[in-house]
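Before any comments, here is the structure.
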Amino acid sequence: MTVGIISHELCGEHDMGDFHPECPARLTAIQTHLTRAELGSAIQNIEAISIPNTILSLAHDPAYIDYLFSHSPETGFFALDPDTFMTPKTLAAALLSAGAAVQAVDLIMSHKLTAAFCATRPPGHHAGRNKAMGFCLFNNVAIAAAYARLTYQLKKIAILDFDVHHGNGTEDIVTGQSDVLFCSTFQSPFYPFAGVDTSAGKNVINTPLSADAGSAEFRQAVRDHWLPALNQFKPELIIISAGFDGHAEDDLSQVQLYEEDYRWVTDELKVVADQHSQGRIVSVLEGGYNLEALGRSVVAHVQGLIG
Ligand SMILES: [Zn+2]
Numbered sequence: 479m480t481v482g483i484i485s486h487e488l489c490g491e492h493d494m495g496d497f498h499p500e501c502p503a504r505l506t507a508i509q510t511h512l513t514r515a516e517l518g519s520a521i522q523n524i525e526a527i528s529i530p531n532t533i534l535s536l537a538h539d540p541a542y543i544d545y546l547f548s549h550s551p552e553t554g555f556f557a558l559d560p561d562t563f564m565t566p567k568t569l570a571a572a573l574l575s576a577g578a579a580v581q582a583v584d585l586i587m588s589h590k591l592t593a594a595f596c597a598t599r600p601p602g603h604h605a606g607r608n609k610a611m612g613f614c615l616f617n618n619v620a621i622a623a624a625y626a627r628l629t630y631q632l633k634k635i636a637i638l639d640f641d642v643h644h645g646n647g648t649e650d651i652v653t654g655q656s657d658v659l660f661c662s663t664f665q666s667p668f669y670p671f672a673g674v675d676t677s678a679g680k681n682v683i684n685t686p687l688s689a690d691a692g693s694a695e696f697r698q699a700v701r702d703h704w705l706p707a708l709n710q711f712k713p714e715l716i717i718i719s720a721g722f723d724g725h726a727e728d729d730l731s732q733v734q735l736y737e738e739d740y741r742w743v744t745d746e747l748k749v750v751a752d753q754h755s756q757g758r759i760v761s762v763l764e765g766g767y768n769l770e771a772l773g774r775s776v777v778a779h780v781q782g783l784i785g
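Here the working numbering is used: the first residue of the sequence shown is 479, the next is one more, and so on.
What follows is the structure, encoded as structure tokens:
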């Protein structure tokens, strides 16, 4: 099955400084490893298209969108939070990241692809309805879900988040939306210190992992919490917040996962997609900061999407 790899060179021009882990080299590492894996015609490289404001506003407050546009600097940096900066190139990259996720929905719903991976940055799952946070400006997966609902009248969309950090922005946007199921596994207690003591709606399944969790605890969490919920929900579309920062070689967390775990969870989600969703999977890059581990993990994930 051909998997679309959606990206854009401008996503590599958003640069928050030499020592920032969310760096342009992440996309280079992904591309290098995908090339080295020689996946041939099983993948199709697609250039991302930018997103119009009307689609952004399906998941974000218009005032917040205006705030980002009006604070995009002509030179230097504008700090959105202590870890998240806008440079003159950031807004274009963020619009392409969100645009790629929406484009993936279009390509899949029009049967041009069955699955796609958006190799884009900045990431999105910490961005709330009216707030940038944790390297994220626009919530790419929540926008994709809202777009799929509006444009294709989908009534059951599942968002699965295996980034090591809780997808608090996604939870903020989709809580209470009965047509969206959101499941997140995450190290806890850990940044962004959300997802445990929340009053999240019935459509949110938060599964904290201990700091010393490894493959067994992660896989058990998915088996116990994600798969039963997914099989009951029967999603028409699966969207993945694909963060690879729980890798054992990634210094941003303590959880000890390996690329085999990302392949495993992808395989499990593909089974669900094949059973309920006509195989439709939109996967969007979130975290992953050890460049080698990120590259290997993305290859394992994409191989899982190919099946
Ligand atoms: Zn993360």
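Even for Gly, the Cβ is constructed at its ideal location relative to N, Cα and C.
Out of curiosity, what's the CA-to-CA distance linking Asp544 and Gln698?
Here the alpha carbon of Asp544 sits roughly 43 Å from the alpha carbon of Gln698.
Following the continuous beta strand (DSSP E) through Met564, name the residue where it begins and the one where it ends.
562-564
Can you give the Cα-Cα distance for Leu512 and His492, rounded to whole angstroms?
21 Å
To test your reading of the DSSP string, which unbroken beta strand (DSSP E) runs of 3 or more residues are found completely within the segment 554-598?
556-559, 562-564, 593-596
Have a look at Val780 and Leu638 and give me their C-alpha separation to the nearest angstrom.
16 Å
Let's test the definition: count the other Cβ atoms within 10 Å of the Cβ of Arg774 and tell me whether it reaches 16, buried, or not, exposed.
Classification of Arg774: buried, given that the 10 Å Cβ count is 16 or more.
Within the segment 591-654, note down every full alpha helix (DSSP H) run reaching 4 residues or more, in order along the chain.
618-630, 646-652
If contacts are defined as beta-carbon pairs under 8 Å, then Ala526 and Thr598 qualify, I think. What distance do you get, rounded to the angstrom?
6 Å
Distance, Cα to Cα, Arg627 vs Glu738?
33 Å
So, for Tyr767: in the same chain, excluding its five sequence neighbours on each side, which residues have a beta-carbon less than 6 Å away from its beta-carbon?
Pro499, Asp723, Asp728, Leu730
Any contact between the segment 712-722 and the segment 752-769? By contact I mean 3 or more CB pairs, one from each, below 8 Å.
Yes: at least three Cβ pairs fall under 8 Å.
Can you find the residues in the same chain that come closer than 6 Å, C-beta to C-beta, to Phe556, ignoring five residues on each side of it along the sequence?
His549, Met564
Which residues have a Cβ closer than 6 Å to any heavy atom of ligand 1, listed in chain order?
Asp641, Val642, His643, Gly721, Asp723, Glu764, Gly765
If you scan the segment 704-737 from start to end, which runs of the alpha helix (DSSP H) of 4 or more residues do you find wholly inside it?
705-711
Taking DSSP as the reference, what is the three-state secondary structure of Val780?
helix
Span of the alpha helix (DSSP H) around Pro540
540-549
Which of the three DSSP states, helix, strand or coil, is assigned to Leu687?
strand
Do you know whose CA, among Val776, Gln756, Lys567, lies nearest His451's CA?
Because the chain spans 479 through 785 in this model, residue 451 falls outside it and cannot be assessed.
Through-space distance from Ile533 to Val733, alpha-carbon basis:
C-alpha separation (whole angstroms): 35 Å.
Measuring straight from C-alpha to C-alpha, what distance separates Ile717 and Asp650?
17 Å
Beta-carbon gap between Val658 and Ala623 smaller than 8 Å:
yes
Compute the beta-carbon to beta-carbon distance between Thr670 and His643, rounded to the nearest angstrom, for a pair I have assumed lies under 8 Å.
For clarity, residue 670 is Pro in the given sequence; the question names Thr instead. At roughly 6 Å, the Cβ-Cβ gap stays under 8 Å, so Pro670 and His643 are in contact.
Ignoring anything shorter than 3 residues, give me the beta strand (DSSP E) runs that lie fully in the segment 744-769, in order along the chain.
Entirely contained in the segment 744-769, the beta strand (DSSP E) runs reaching 3 residues are, in chain order, 759-763.
Leaving out five residues on either side along the sequence, give the residues of the same chain with a beta carbon under 6 Å from the beta carbon of Tyr740.
The answer, listed in chain order, is Ser775, Ala778, His779.
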